[in-house]
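Asker: Have a look at this one.
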Amino acid sequence: MTTATGVGSLPGTTAAGYAEAVRLVLDGLPDLPHVPELPGRGVTAGMTGRALAITDGLAADLQPAGWRLTDASGVDHRRARSLLAQDLDAVEELAQGYEGTFKTQVAGPWTLAATVEKPRGDKVLSDHGARRDLAQALAEGVAVHLADLRRRIVGVDRWIVQVDEPALAAVANAQVPTASGFGRHRRVDPPELSEHLEWVVEAVTAAGAEAWVHSCAPQTPWSLVAGTGASGLSADLDMLGPADLDTFAEALDSGRTAALGIVPSTDLAAAPSDARLTERVQRWLDMLGLDPQTSGEHLVVTPTCGLAGATPAWAALAVRLSATVARNL
């Protein structure tokens, strides 16, 4: 059976808004709800702050240039951890009695390396040892995070961890700017790119969950991602090139999940019909020579990217459209 889920982020700026987001995913995505993210509440609720709150054994603080690793956790790092705990309290309360599959999200090791600074400045990406330590701390923290989620929502029999890597393409193609802004960090070789992702994927798998890797950025090296052992690939369908289509087809053929972002994630003057979106997925399957009857159970329908930039009304519509298209398929 084809299912639907969200990428992760939703609009909202308050605790009450977070509770509404939880209700939206529980009601609108009953087969595969997810832990919502509301980055509109500030940097401590953003993708990087959220991941640093999960990362185990490393301290951080917020500087004018962004998040930086430090010897001791600063006030903003402690706030990020506190906010995560409060959010999980809300999920635990509202998901009482839920049974089935649930998804959570965390920024991946390369996105963290491209957005977090070393103690003396410049990105973690610039230092081989620092990026290794950060990736390993993230892998350890994800396992702890999963154990916490299992204690909170006891009816879930299948956990999915979506590893968000929007910066992976920039890292792989030497497009991450240096601190001065006048240069670019050197590209990371594919074996190291793969290894760091594998650490996180393996930690998720060892904890008894499934690891999906998500990116809605163009030029993401999907063949490399598929080689890490991730059980799911999640992308904006418009961002996939010809070679990527083959990678996604092979993933479906091998029984892995392909999460296709097809529902617009920002407001449009007129929403696309569910029939049109359904037909698009069917055409995509036909182009790849895949049988919808056999591939459908491994397909997941999502918005094209996170919904933090949408209005609440559009976010709710995108959730409903995703679920309707999944049912159609």
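So for the sequence shown, our numbering puts the first residue at 1; every next one is plus one.
Even for Gly, the Cβ is constructed at its ideal location relative to N, Cα and C.
Beta-carbon separation of THR304 and ASP236 under 7 Å?
Answerer: Cβ distance < 7 Å, so THR304 and ASP236 count as in contact.
Asker: For LEU38, does the three-state DSSP call read helix, strand or coil?
Answerer: Coil at LEU38, not helix or strand.
Asker: Mind checking which residues open and close the beta strand (DSSP E) that includes ARG158?
Answerer: Looking at the DSSP string, the run of the beta strand (DSSP E) that includes ARG158 is 156-164.
Asker: Assuming contact is defined by CB atoms lying nearer than 7 Å, are ARG132 and VAL124 in contact in what I supplied?
Answerer: For ARG132 and VAL124, no; Cβs fall outside 7 Å.
Asker: So what does GLY255 bridge to, in DSSP terms?
Answerer: In the DSSP output, where bridge partners are listed per residue, GLY255 has none listed.
Asker: On the three-state DSSP scale, how would you describe PHE248?
Answerer: PHE248 falls in the helix class under three-state DSSP.
Asker: Leaving out five residues on either side along the sequence, give the residues of the same chain with a beta carbon under 7 Å from the beta carbon of ALA230.
Answerer: Only VAL201, ALA211, TRP212 and VAL213 meet the Cβ criterion.
Asker: When you compare the CB positions of ALA174 and ARG158, do they come within less than 7 Å of one another, or not?
Answerer: Cβ distance not < 7 Å, so ALA174 and ARG158 don't count as in contact.
Asker: Count the other CB atoms, across all protein chains shown, that sit within 10 Å of the CB of GLN293; report buried if there are 16 or more and exposed otherwise.
Answerer: Classification of GLN293: exposed, given that the 10 Å Cβ count is below 16.
Asker: Hey, could you find the ends of the alpha helix (DSSP H) LEU134 is sitting in?
Answerer: Start and end: 128-152.
Asker: Throw me the rounded Cβ distance for the MET47 and PRO36 pair, which I believe falls under 8 Å.
Answerer: In fact, because the Cβ distance is near 13 Å, the residues do not count as touching under 8 Å.
Asker: Short of 8 Å in beta carbon distance, which residues of its chain neighbour GLN382, apart from the five on each side in sequence? Order them along the chain.
Answerer: Residue 382 lies beyond the range of the chain shown here (1 to 329); nothing can be said about it.
Asker: In this structure, does DSSP put LEU10 in helix, strand or coil?
Answerer: DSSP places LEU10 in coil when its eight states are reduced to three.
Asker: Measuring only the C-alpha atoms, how far is ALA206 from GLY17?
Answerer: Between ALA206 and GLY17, the C-alpha separation is close to 34 Å.
Asker: Does the stretch 162-179 come into contact with the stretch 107-125, if we say contact requires no fewer than three beta-carbon pairs (one atom in each stretch) closer than 8 Å?
Answerer: Cβ pair count under 8 Å is three or more, so yes.
Asker: Since ALA80 contacts ARG68 with CB under 8 Å, what's their CB separation in whole angstroms?
Answerer: Not confirmed; about 13 Å, so no contact.
Asker: Roughly how far, in whole angstroms, is the beta-carbon of THR101 from the beta-carbon of LEU32, given that I think they are within contact range, below 8 Å?
Answerer: Indeed, because the Cβ distance is near 5 Å, the residues count as touching under 8 Å.
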